[in-house]
Amino acid sequence: MLTQVEVDNVELVLAQVEVDLVVAQSDLNKRPRRRPFSKPLSPQSETRRQESLKKKTAVKKAQTLKEARLNAPNNTGLKKAQKTAFSKV
99 MLTQVEVDNV ELVLAQVEVD LVVAQSDLNK RPRRRPFSKP LSPQSETRRQ
149 ESLKKKTAVK KAQTLKEARL NAPNNTGLKK AQKTAFSKV
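Read in the numbering used here, the sequence shown has 151 at position 53, and its numbers run on one by one without any break.
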């Protein structure tokens, strides 16, 4: 059997755990949330953004075109590259 002192100690520990849990929950609620942009971008930022988007789309188009050329049937460049790669092995 547990003595009264041991029971009191267990109750104190449980009470402290409950307090810690409440404090942790309140800390979670106090964290700032991400707010959406309320102001539009400045003209300079907007032009930079548009330029970077144009560059990304140009790079993606170039990669797609390159892959299409490599995967095209009867591609002599690809066949030559494969022959040289296999001859080196």
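Every residue, glycine too, gets a C-beta built ideally from N, C-alpha and C.
- Could you check the C-alpha separation between lysine 159 and glutamine 148 for me, to the nearest Å? 16 Å
- Where proline 138 sits in the DSSP three-state scheme: coil
- DSSP on threonine 162, reduced to helix/strand/coil? helix
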